[in-house]
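For the sequence shown, the residue numbers in my numbering are 3 to 436.
Okay, structure first, notes after.
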Amino acid sequence: MTTMSGNDGPSVDDIGERGWFTPAPREAAPAPGTAAPHGGRPEDGAQPDAAGRTDAVAHSDTELIRATMAELEQTPDAAVAYFYALLFVQYPHLRELFPASMDTQRDRLFRALLNAVRLYDDGPRLTAFLAELGRGHRKYGTQAAHYPAIGECLMATLAQYAPQSWGPRTEAAWVRAYTAISQIMIDAAAEDSLHAPAWWQAEVVAHERRTPDIAVITVRTDQPYPFRAGQYTAVETPWWPRVWRNYSFASAPRPDGLLTFHVRAVPAGWVSTALVQRARPGDVLRLGPPTGSMTVDHDAGSGLLCLGGGTGIAPIKALVEDVARHGTHRPVEVFYGARRGEDLYDLDTLLGLARSHDWLAVRPVVAAGSATGDALTGRLPDAVRAHGPWSAWDGYLSGPPGMIKSGVRTLVGLGIPTHRIRHDSLEELVATGA
Ligand code: HEM
């Protein structure tokens, strides 16, 4: 079990005890002209910054790190297995933080480490992501003192599986990157522990099967749970300890404090199947902190173009409720996609909202050949394209990764700039390495 707030381990200063983890002084920038020729071993010298900056240390770090990544990608599974084997042999007490069976998800942490390191100079967006990741790690029982162990095993794995690009300069670059990433996560967790628990207990108070595969589950938390419409959280069931899966809140914050999730049981989905088929009122789940940036900017006046696929409609409904409560009544258009008419399990709720709010339009879309009622037929992006124009609208997308990818492409093609399109796939991409 993880620890509650205020018991999250030593302060960040304690970590400096391990030499390699202590933030290393930055190396001097390489003299212009000493860079390795393109394609040479990165260890042979650093590339100068494209802009000719002399302060190109971070840039040369990135080059070295990318070279390691490229080499590692040739044997990713073996490297992941080696990393965890090493971690659990060297630090057996950390085994209990991880799920009993790690067959399906065991590369998430490792891949995230690699991707976060790869992106570590990507600026404020990555910093915000890492801070959220650090806060989220409190629910696993992660403590500041655990970071050196992970770092040490990561370095040993890289040395083993990327021998061509490994050397003192590359190692120094990785140590700097890992130290910077860890520091953001550790600081965010320490700050969070001052005012929030590491997790919340949540008792199931209602469980409604909408289709054989989909349940609408309402829970009451043991402490107030502050969140914003459009966010999601990690959920752990009593049947699969330490296995956490993400679900979006299906409503804006309610006066009674209850939270609702829409869950589809997916094949081999332990948590989703347990939540749909097994959970009953009285069962107690655990929730991580609220996460995600797919929230409404109430200072903007533009309309909201929302694409929701399958249970991805849950946070879209929450956003609609949020706009309704905020009272500005910006136009909102919802395209709700599913394979078949009977999969549009929440259509009645959305149509009810549309009847009460004249600023809201809801358009169901089902795959060609399965037309039902007033639903449009075809692909979701095509249905969006057939309406519009949308260039002055803000885009919100939620659904399976493929739908998000094609949806974003469509909205950009329709003239909506990327900074006005919201979805949570940076988190997904970094977490899964997709
Ligand atoms: C820079 C350091 C780290 C990074 C970038 C990182 C990243 C991640 C990511 C992205 C996940 C996937 C689930 C999620 O988003 O929460 C994850 C899971 C996890 N991490 Fe970390 N992590 C780091 C350090 C640590 C440390 C020090 C520990 C403690 C030993 C730890 C323990 C775990 C555990 C127990 C899981 C759940 C694994 C599972 O569900 O299979 N992580 N980590």
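Every residue, glycine too, gets a C-beta built ideally from N, C-alpha and C.
Everything numeric in this text was worked out from a predicted model, so none of it was measured.
At the level of alpha carbons, what is the spacing between Ala231 and Glu134?
C-alpha separation (whole angstroms): 17 Å.
Would you mind working out which of Leu89, Leu116, Tyr84 sits nearest Ala69, comparing C-alpha positions?
When each option's Cα is compared against that of Ala69, the closest is Leu116.
Who pairs with Ile219 in a beta bridge, going by DSSP?
Beta-bridge pairing links Ile219 to His209, Phe263.
Do Ala81 and Leu89 have their CB atoms nearer than 7 Å?
No, the Cβ-Cβ distance between Ala81 and Leu89 is not below 7 Å.
Going by C-alpha distance, which of Tyr180, Trp176, Arg327, Leu306 is nearest Ala363?
Of the candidates Tyr180, Trp176, Arg327, Leu306, the one whose C-alpha sits nearest the C-alpha of Ala363 is Leu306.
Comparing C-alpha positions only, which one of Ala72, Tyr347, Gly401, Leu355 sits nearest to Gln166?
For Gln166, the nearest C-alpha among the options comes from Ala72.
Taking the straight line between their C-alpha atoms, what separation do you get for Arg55 and Thr420?
Because the pLDDT at Arg55 is just 31, under 50, the model does not fix this residue reliably, and the value given afterwards should be weighed accordingly. The alpha-carbon atoms of Arg55 and Thr420 are separated by roughly 29 Å.
Measure the C-alpha to C-alpha separation of Leu132 and Met187 and round it to an integer number of angstroms.
If I take the Cα positions, the gap works out to 6 Å.
Take Val273 and list the residues in its own chain whose beta-carbon comes closer than 8 Å to its own, dropping the five residues that flank it on each side.
Excluding residues within five positions, the ones whose Cβ falls inside 8 Å are Val237, Glu238, Thr239, Trp242, Val245, Trp246, Arg247.
Just checking Ala102 against the ligand PLP - is the residue's beta carbon closer than 6 Å to any of the ligand's heavy atoms?
Annotation note on the ligand PLP: not contained in the displayed structure, which lists the ligand HEM as its ligands.
Give me, in chain order, the residues of the same chain whose beta-carbon lies closer than 6 Å to that of Tyr347; leave out the 5 immediate sequence neighbours on both sides.
Result list for Tyr347: Arg212, Thr213, Ile216, in chain order.
I'd like the span of the beta strand (DSSP E) that includes Ser250, first residue to last.
First-last of the beta strand (DSSP E) with Ser250: 246-250.
Since Ala204 and Leu289 should fall inside the 8 Å C-beta cutoff, what is the C-beta to C-beta distance between them, to a whole number of angstroms?
Yes, they are in contact, since the Cβ atoms of Ala204 and Leu289 sit about 5 Å apart, within 8 Å.
Less than 8 Å between the CB atoms is what I'm expecting for Gln225 and Trp202, so what's the real figure, rounded?
Going by Cβ atoms, the distance from Gln225 to Trp202 rounds to 6 Å, so yes, they are a contact pair.
DSSP state of Pro78, grouped into three classes?
Note: Pro78 maps to helix in three-state DSSP.
When the Cα atoms are used, what is the spatial distance from Phe337 to Val278?
C-alpha separation (whole angstroms): 25 Å.
Could you compute how far the alpha carbon of Ala254 sits from the alpha carbon of Glu173?
Cα to Cα, the separation comes out at about 46 Å.
Can you tell me which of the three DSSP states Arg445 falls into?
Outside the shown range of the chain, which is 3 to 436, sits residue 445, and nothing can be said about it.
Output the boundary residues of the alpha helix (DSSP H) element that contains Phe131.
Where Phe131 is concerned, the enclosing alpha helix (DSSP H) stretches over 126-138.
For the alpha helix (DSSP H) containing Pro170, list its first residue and its last residue.
Its alpha helix (DSSP H) spans residues 170-194.
Counting pairs of beta carbons, one from the stretch 308-315 and one from the stretch 395-410, are three or more of them closer than 8 Å?
Judged by Cβ distances under 8 Å, the stretch 308-315 makes contact with the stretch 395-410, as three or more pairs qualify.
Specify the secondary structure class of Gln166 as computed by DSSP and reduced to three states.
Correct three-state label for Gln166: coil.
Counting along the chain, where does the alpha helix (DSSP H) carrying Val322 start and finish?
From DSSP, the alpha helix (DSSP H) with Val322 extends over 315-328.
Is it buried or exposed for Glu335, if we count other Cβ within 10 angstroms and need 16 for buried?
With 16 or more other Cβ atoms within 10 Å, it is buried.
Distance, Cα to Cα, Leu413 vs Ile183?
Whole-angstrom Cα-Cα distance: 32 Å.
What first and last residue would you give for the beta strand (DSSP E) that runs through Gly409?
Not the beta strand (DSSP E): Gly409 falls in the alpha helix (DSSP H), residues 403-415.
Using 6 Å as the cut-off, classify the Cβ of Thr470 as near or not near the heavy atoms of the ligand HEM, replying yes or no.
Given a span of 3 to 436 for the chain in the structure shown, any question on residue 470 remains unanswerable.
Let me know if Pro292 comes out buried or exposed under the rule of 16 or more other beta-carbons within 10 Å of its beta-carbon.
Its Cβ being crowded by 16 or more others within 10 Å, Pro292 is buried.
Using the C-alpha atoms, what's the distance from Leu287 back to Gly143?
Cα-Cα distance, rounded: 17 Å.
Opposite Ala363 in the DSSP bridges: which residues?
According to DSSP, which records beta bridges pairwise, Ala363 is partnered with Glu335.
In chain order, what residues of the same chain have a beta carbon less than 6 Å from the beta carbon of Leu349, not counting five sequence neighbours either side?
Correct list, in chain order: Pro366.
Going by DSSP, which residues form a beta bridge with Arg288?
Answer is Gln203, Glu238, bridged to Arg288.
Leaving out the 5 sequence neighbours to the left and right, which residues in its chain are closer than 7 Å to Leu431 when beta-carbon positions are compared?
Annotation note: pLDDT 40 at Leu431 (below 50); position unreliable, no value reported.
Would you identify the three-state DSSP class for Gly343, choosing helix, strand or coil?
Correct three-state label for Gly343: helix.
Using alpha carbons as the reference points, say which of Ala369, Gly390, Ala388 lies closest to Arg381.
Ranking Ala369, Gly390, Ala388 by Cα distance to Arg381 puts Ala369 first.
With a threshold of 7 Å between beta carbons, is Ile423 in contact with chain B?
Among the chains in the structure shown there is no chain B, since it carries only a single protein chain.
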